[in-house]
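First the structure, in the form of structure tokens, and then the observations on it.
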Amino acid sequence: MPFTLKPAEPFDVDVESTEYLKKHIDTGERWVLNFGPQHPATHTTLRLVLELDGERVARCTPHIGYLHSGFEKLGEHLDYNQYVTIVSRMDYSAPIVNDIAWHGAVEKLFDIEITPRCKVLRTIMLEMGRIQSHLLCVAAAGLDLGAFTAFLYGFNSRERIYDIIDYISGQRFHPDWTRVGGLMQDLPDTGVFVRMVKAWLKDDLAGAIDDMEGLLNRNRIFMDRTMGIGVLTKQEAIAHSCTGPFARASGVVRDVRKDAPFLCFADNWDGQGAKGVRFMVPVMNEGDVYSRYRVRVEEIKQSAKIIEQLIDAIPGGPIDTFADAKMVKPPKSQVYGSIEGLIQHFELIMSNRGWKAPIAECYSSIESPNGELGYFIVADGSPRPFRVKVRPPIFVNYSTMAKMTEGHLLSDVVGIIGSVNVIAAELDR
Amino acid sequence: MGAETPSNAASNAPGKGPNLDHPVFALVKGHFASKRFSATEFRGQSTLIVQPGDAHAVLGFLKNDPRCGFNFLADVVGVDYLGYPSKTIGRFAVVYVLRCFEREDLFFVKTFLDPSLPTDGIVEDPALYLDSVTDLWPGAEWMEREVYDMLGIRFRNHPDPRRILTWEAYPAHPLRKDYPVRGREEREQFRLVDRTDA
Chain S
72 MPFTLKPAEP
82 FDVDVESTEY
92 LKKHIDTGER
102 WVLNFGPQHP
112 ATHTTLRLVL
122 ELDGERVARC
132 TPHIGYLHSG
142 FEKLGEHLDY
152 NQYVTIVSRM
162 DYSAPIVNDI
172 AWHGAVEKLF
182 DIEITPRCKV
192 LRTIMLEMGR
202 IQSHLLCVAA
212 AGLDLGAFTA
222 FLYGFNSRER
232 IYDIIDYISG
242 QRFHPDWTRV
252 GGLMQDLPDT
262 GVFVRMVKAW
272 LKDDLAGAID
282 DMEGLLNRNR
292 IFMDRTMGIG
302 VLTKQEAIAH
312 SCTGPFARAS
322 GVVRDVRKDA
332 PFLCFADNWD
342 GQGAKGVRFM
352 VPVMNEGDVY
362 SRYRVRVEEI
372 KQSAKIIEQL
382 IDAIPGGPID
392 TFADAKMVKP
402 PKSQVYGSIE
412 GLIQHFELIM
422 SNRGWKAPIA
432 ECYSSIESPN
442 GELGYFIVAD
452 GSPRPFRVKV
462 RPPIFVNYST
472 MAKMTEGHLL
482 SDVVGIIGSV
492 NVIAAELDR
Chain U
5 MGAETPSNAA
15 SNAPGKGPNL
25 DHPVFALVKG
35 HFASKRFSAT
45 EFRGQSTLIV
55 QPGDAHAVLG
65 FLKNDPRCGF
75 NFLADVVGVD
85 YLGYPSKTIG
95 RFAVVYVLRC
105 FEREDLFFVK
115 TFLDPSLPTD
125 GIVEDPALYL
135 DSVTDLWPGA
145 EWMEREVYDM
155 LGIRFRNHPD
165 PRRILTWEAY
175 PAHPLRKDYP
185 VRGREEREQF
195 RLVDRTDA
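If you're matching them up, the sequences are chains S and U in order.
Start counting at 1 in the first sequence, then tack on 71, and there's your number in our numbering.
Start counting at 1 in the second sequence, then tack on 4, and there's your number in our numbering.
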């Protein structure tokens with residue numbers, strides 16, 4: 072990079088005040104550009120205050136919080152099942168992943184082991200959520216840089232995933248699909264589900280990935296716009312707590328699915344010695360926007376392989392855990408058809424009853440499409456958590472934004488935002 | 005190590021106390037011989053409880069000592085324990101979630117703070133101060149800003165000590181337990197619109 076930053080006079084961090092703007096906007100050399108919060112290229116509501124030297128970004132100050140909705144405060148007032156409706160609205164590009172992460176943490180708190188059938192279904196949907204999120208990120212990153220066709224291929228394939236989610240949960244966008252110790256409901260028909268997933272993998276996804284890669288991988292304009300842009304080294308990525316494909320593009324060899332396995336990624340997940348699913352973790356060392364794109368595309372292929380391994384071997388049996396019937400809501404047929412089911416239902420949902428949580432706190436994380444998505448739950452013995460802290464991967468990854476954009480052209484800022492896959496609902500919570 | 009905190013002791017399997025044989029406990033105790041610590045464990049997750057003044061030194065030791073090697077700060081969590089059913093050392097707690105990539109180890113360092121001033125506003129409380137760990141892990145910058153914004157715990161030597169999710173003039177720290185979920189008067193100031201003048 073031939074450009075070196077001019078030594079700037081130290082200035083006040085409060086860039087929002089007009090005093091600051093007055094002082095700096097008329098220097099003739101640097102000017103301040105307000106980017107967002109409503110701008111088509113920011114994807115969602117986030118704001119950057121860019122101090123520009125000509126067209127180079129000399130300093131970038133991200134401002135977030137425009138979508139802050141108090142999700143963590145709400146978690147203290149909803150019970151362990153109800154809160155799933157809130158978490159699924161955090162990273163809405165792959166909502167089902169949040170459900171699985173949240174109830175994974177709750178089951179760790181309660182020390183519940185879920186059934187093999189539930190584990191397989193959650194793993195399949197987790198990987199489907201990963202593909203859903205990566206398709207959005209890759210397609211929209213292309214769109215921001217002018218590759219409109221790749222965007223259409225990506226979004227066309229995402230529609231099929233929404234159809235599958237609609238089939239299993241009854242909602243397209245926010246499935247709220249998991250429950251403590253199980254799922255909202257069993258599959259309506261396992262055969263139909265398997266056929267839908269296989270048809271999508273074979274007829275749709277493989278072609279869409281081929282088309283997108285053919286359009287972008289060796290596209291001279293795309294490469295020029297993305298290679299060497301927004302570079303983050305391996306040391307910086309670890310020091311800034313980055314995770315997920317964002318960090319793996321910088322050479323951080325780390326994936327929670329491999330390093331702290333959960334669900335079907337762990338060996339012996341069915342209690343009978345089954346091996347964990349086989350997959351590879353793509354890593355690149357350049358740490359630029361292009362390598363983030365490549366890592367995400369490779370992860371889509373690996374996720375498809377994981378689904379292919381599991382889809383033919385969905386075990387039978389119950390969907391809810393049988394270890395402790397006091398933890399799981401009975402199916403609706405039992406609630407309406409038997410007195411025991413009705414009692415058990417009200418034991419859990421009445422405000423003075425419900426779960427007997429331990430008085431303790433624990434942390435549990437999974438590998439979400441954007442990195443380590445963790446929940447720190449403080450429980451006080453009541454059916455509602457005392458405090459829920461989410462570890463949002465996008466929030467942590469996005470905190471490197473100022474570092475990545477410095478010295479780049481204004482038009483590259485758009486590409487860098489796309490490569491972080493910023494979803495402001497998770498960023499601000 | 006000292007006795008475990010009552011808050012977590014009762015929660016493990018009955019008749020069995022927390023399992024405090026994580027090797028890092030002994031290393032920290034050996035290195036900081038004159039300091040007082042306590043420890044607890046739940047579901048295989050070990051937590052070291054330190055005095056607020058020692059937190060930065062202990063975290064620096066955990067990061068830089070090769071036998072500990074916690075190179076990755078996963079999260080900084082702020083908790084307000086007002087009204088918690090079991091007794092805690094202080095009202096506020098800050099938990100650092102550490103990871104070691106080499107050994108695949110998860111470790112928690114927790115420190116308690118007690119406010120000295122009323123907590124219903126945004127007054128600066130000299131008792132609610134911790135040393136920032138941004139010099140150890142630059143990624144702590146936004147995490148600590150969030151703890152400050154949500155709970156009003158300030159961090160010394162922080163490079164950019166602004167609020168992050170709410171705006172600067174917001175009259176409360178909303179994740180404190182004495183802040184109601186429906187807000188405090190913010191809603192009451194909205195103009196009421198009924199059918200006749202809508």
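Virtual Cβ for every residue (Gly too), placed ideally from N, Cα, C.
Here the structure is a predicted model, which is why all the values come from computation and not from measurement.
Chain U places no beta carbon closer than 8 Å to that of S/E477, leaving this residue out of the contacts. In the three-state reduction of the DSSP assignment, S/G358 falls in the coil class, being assigned neither a helical nor a strand state. The beta carbon of S/P463 lies closer than 6 Å to those of E497 in the same chain, with the five residues before and after it left out. In this structure, the alpha-carbon of S/F244 lies about 48 Å from that of U/F41.
The region 52 to 112 of chain U contains, as complete alpha helix (DSSP H) runs of 4+ residues, the segments 59 to 68 (chain order). Nearest C-alpha to S/C313 among U/V81, U/F111, U/W146: U/W146. Within the region 374 to 404 of chain S, no residue has its Cβ closer than 8 Å to any Cβ of chain U.
If you check each beta-carbon in the region 440 to 457 of chain S against every beta-carbon of chain U, the ones closer than 7 Å belong to E443, G445, F447, V449, D451, G452, F457. Pairing S/V323 with S/G301, the inter-Cα distance amounts to about 16 Å. Rounded to the nearest angstrom, the gap between the Cα atoms of S/V399 and S/R160 is 23 Å. In the three-state reduction of the DSSP assignment, U/Q49 falls in the strand class.
For S/G252, the three-state secondary structure derived from DSSP is coil. Look at the beta carbons and you see the region 193 to 200 of chain S touching the region 376 to 389 of chain S: at least three pairs across the two are nearer than 8 Å. DSSP places S/L303 in the coil class of the three-state scheme, outside both helix and strand.
Secondary structure at S/F447: strand, using DSSP grouped into helix, strand and coil. Interface flag for S/Y434 against chain U is set, since a Cβ pair is found closer than 8 Å.
Using a C-beta cut-off of 8 Å, the region 155 to 167 of chain U makes contact with the region 123 to 138 of chain U, since at least three inter-stretch Cβ pairs fall below that distance.
Judged by DSSP in its simplified three-state form, S/C433 adopts strand.
In this structure, the alpha-carbon of S/V461 lies about 44 Å from that of U/T200.
Within chain S, not a single residue places a beta-carbon under 8 Å from that of U/P119; the smallest gap is close to 17 Å.
Using beta-carbon distances, U/L169 counts as an interface residue toward chain S, with a partner under 8 Å. DSSP links U/D135 through a beta bridge to U/R160.
Sequence-distant Cβ neighbours of S/T156 in its own chain, meaning closer than 6 Å and more than five residues away, are D247. Counting only runs of 3 or more residues that sit fully inside the region 366 to 419 of chain S, no beta strand (DSSP E) segment turns up. For S/G146, no Cβ of chain U is located within less than 8 Å of the residue's own Cβ. Between U/P119 and U/R95, the alpha-carbon positions lie close to 7 Å from each other. Rounded to whole angstroms, S/L207 and S/V191 show a C-alpha spacing of 24 Å. Non-local beta-carbon contacts of S/E284 in its own chain, meaning distances under 8 Å to residues more than five positions away in sequence, involve V368 in chain order.
Among the residues facing chain S, U/S90 is included, as its CB has a counterpart in that chain under 8 Å away. In this structure, the beta-carbon distance from U/R180 to U/T123 falls below 8 Å. In its chain, beyond the 5 residues on either side, N152, V155, H174, D391, V399, K400 have a beta carbon closer than 8 Å to the beta carbon of S/R250.
With fewer than 16 other Cβ atoms inside 10 Å of its own Cβ, S/T261 counts as exposed.
Residues of chain S with a Cβ closer than 8 Å to the Cβ of U/Q49 are, in chain order, C433, Y434. For S/F466, the C-beta contacts it makes with chain U under 7 Å involve W146, in order along the chain. Apart from sequence neighbours up to five positions away, the residues of its chain that approach U/T170 with a beta-carbon distance below 8 Å are D153, P178, ordered along the chain. A check of alpha carbon separations from S/P429 across S/Y163, S/A279, S/I171, S/E178 identifies S/E178 as the nearest.
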